[in-house]
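Here's the structure we're looking at; comments come further down.
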Amino acid sequence: MADDTVTLTIEDDDTTDELTVPIALIEMLREEEGETPAEIIGDIAMFGLAQRIHGAIHHGQGEPPQNVKDAEQRTMELFEDRFGASYGELTGHDH
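Just so we're aligned, residue 1 is where the sequence shown starts under UniProt numbering, counting upward by one.
In C-alpha coordinates form, the structure reads like this:
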(Lines of atoms letter the chains of each structure in order from A and count residues from 1; the text may use other names and numbers.)
(Lines give C-alpha, C1' and ligand atoms only; values in the text may rest on other atoms or scores of the structure.)
Protein backbone atom coordinates (compact mmCIF):
# COMPACT_ATOMS: atom_id res chain seq x y z
CA MET A 1 0.00 0.00 0.00
CA ALA A 2 1.90 3.04 -1.21
CA ASP A 3 -0.63 5.37 0.45
CA ASP A 4 0.41 4.31 3.95
CA THR A 5 4.06 5.36 3.61
CA VAL A 6 6.09 8.46 2.92
CA THR A 7 9.46 8.41 1.15
CA LEU A 8 12.07 10.98 2.09
CA THR A 9 15.22 11.71 0.11
CA ILE A 10 18.54 12.39 1.82
CA GLU A 11 21.16 14.14 -0.30
CA ASP A 12 24.75 15.24 0.02
CA ASP A 13 27.04 16.71 -2.64
CA ASP A 14 27.50 13.44 -4.52
CA THR A 15 24.91 10.86 -3.48
CA THR A 16 21.30 10.36 -2.51
CA ASP A 17 19.44 7.82 -0.44
CA GLU A 18 15.74 7.24 0.09
CA LEU A 19 14.01 6.26 3.29
CA THR A 20 10.43 4.96 3.24
CA VAL A 21 8.55 4.91 6.53
CA PRO A 22 4.92 4.34 7.54
CA ILE A 23 2.86 7.51 7.84
CA ALA A 24 1.40 6.13 11.08
CA LEU A 25 4.91 6.17 12.57
CA ILE A 26 5.40 9.79 11.51
CA GLU A 27 2.04 10.70 13.06
CA MET A 28 3.00 8.95 16.30
CA LEU A 29 6.30 10.88 16.48
CA ARG A 30 4.83 14.28 15.60
CA GLU A 31 5.26 16.61 18.58
CA GLU A 32 3.88 19.83 17.13
CA GLU A 33 1.00 20.63 14.80
CA GLY A 34 2.29 21.17 11.28
CA GLU A 35 5.62 19.42 11.83
CA THR A 36 6.56 17.82 8.50
CA PRO A 37 7.81 14.27 7.94
CA ALA A 38 11.21 15.69 6.88
CA GLU A 39 11.48 17.71 10.12
CA ILE A 40 10.52 14.70 12.23
CA ILE A 41 13.07 12.44 10.55
CA GLY A 42 15.67 15.21 10.70
CA ASP A 43 15.17 15.52 14.46
CA ILE A 44 15.50 11.76 14.90
CA ALA A 45 18.65 11.73 12.76
CA MET A 46 20.21 14.53 14.82
CA PHE A 47 19.37 12.75 18.07
CA GLY A 48 20.82 9.48 16.75
CA LEU A 49 24.01 11.11 15.52
CA ALA A 50 24.49 12.99 18.79
CA GLN A 51 23.95 9.78 20.72
CA ARG A 52 26.52 7.92 18.62
CA ILE A 53 29.23 10.57 18.94
CA HIS A 54 28.49 10.99 22.65
CA GLY A 55 28.95 7.25 23.14
CA ALA A 56 32.20 7.23 21.16
CA ILE A 57 33.64 10.03 23.29
CA HIS A 58 32.32 9.24 26.75
CA HIS A 59 31.65 5.51 26.77
CA GLY A 60 34.25 4.06 24.43
CA GLN A 61 37.50 2.42 25.35
CA GLY A 62 40.67 4.46 25.18
CA GLU A 63 41.22 8.05 24.22
CA PRO A 64 39.40 9.08 21.03
CA PRO A 65 41.37 10.86 18.29
CA GLN A 66 41.23 14.65 18.23
CA ASN A 67 39.17 14.72 15.03
CA VAL A 68 36.46 12.67 16.76
CA LYS A 69 36.54 15.00 19.79
CA ASP A 70 36.21 17.96 17.43
CA ALA A 71 33.31 16.27 15.62
CA GLU A 72 31.56 15.69 18.96
CA GLN A 73 31.92 19.34 19.93
CA ARG A 74 30.56 20.53 16.58
CA THR A 75 27.71 17.98 16.65
CA MET A 76 26.65 19.18 20.09
CA GLU A 77 26.74 22.81 18.91
CA LEU A 78 24.53 21.93 15.94
CA PHE A 79 22.25 19.88 18.20
CA GLU A 80 21.74 22.85 20.50
CA ASP A 81 21.15 25.15 17.53
CA ARG A 82 18.44 22.81 16.24
CA PHE A 83 16.66 22.11 19.52
CA GLY A 84 17.40 25.20 21.61
CA ALA A 85 18.75 23.03 24.43
CA SER A 86 21.84 20.93 25.00
CA TYR A 87 22.02 17.17 24.51
CA GLY A 88 22.42 16.78 28.29
CA GLU A 89 19.37 18.93 28.99
CA LEU A 90 17.15 16.97 26.61
CA THR A 91 18.38 13.50 27.49
CA GLY A 92 19.35 13.90 31.14
CA HIS A 93 22.71 12.44 30.16
CA ASP A 94 25.42 15.05 30.53
CA HIS A 95 29.17 14.80 31.15
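A virtual CB, placed ideally from N, CA and C, is assigned to each residue, including glycine. Since the model is a prediction, treat every value here as computed from it, not as a measurement.
Practice problem: Classify E11 as helix, strand or coil using the three-state DSSP reduction. | Solution: By one-based count along the sequence shown, residue 11 stands at place 11. E11: strand per DSSP, three-state reduction.
Practice problem: Identify the continuous beta strand (DSSP E) that holds D4 and give its terminal residues. | Solution: In the sequence shown, the residue the question calls residue 4 occupies position 4. No beta strand (DSSP E) contains D4, which DSSP labels as neither H nor E.
Quiz item: Can you give, in chain order, each stretch of the alpha helix (DSSP H) that sits fully within the stretch 8-84 and has at least 4 residues?
Solution: 23-29, 37-58 and 66-83
Exercise. Report the rounded CA-to-CA distance for A38 versus P22, giving the unit in angstroms.
Key: Residue mapping note: residue 38 aligns to position 38 of the sequence shown, counting from 1. Residue mapping note: residue 22 aligns to position 22 of the sequence shown, counting from 1. Approximately 13 angstroms between the Cα atoms of the pair.
Quiz prompt | Beta-carbon proximity list for R30, same chain, < 8 angstroms, skipping 5 on both sides | solution = Taking the first residue of the sequence shown as position 1, residue 30 is located at position 30. Counting only Cβ-Cβ distances below 8 angstroms, and skipping sequence neighbours, we find I40.
Quiz prompt | Boundaries of the alpha helix (DSSP H) in which G88 is found, first to last residue | solution = By one-based count along the sequence shown, residue 88 stands at place 88. Unbroken alpha helix (DSSP H) run through G88: Y87 to T91.
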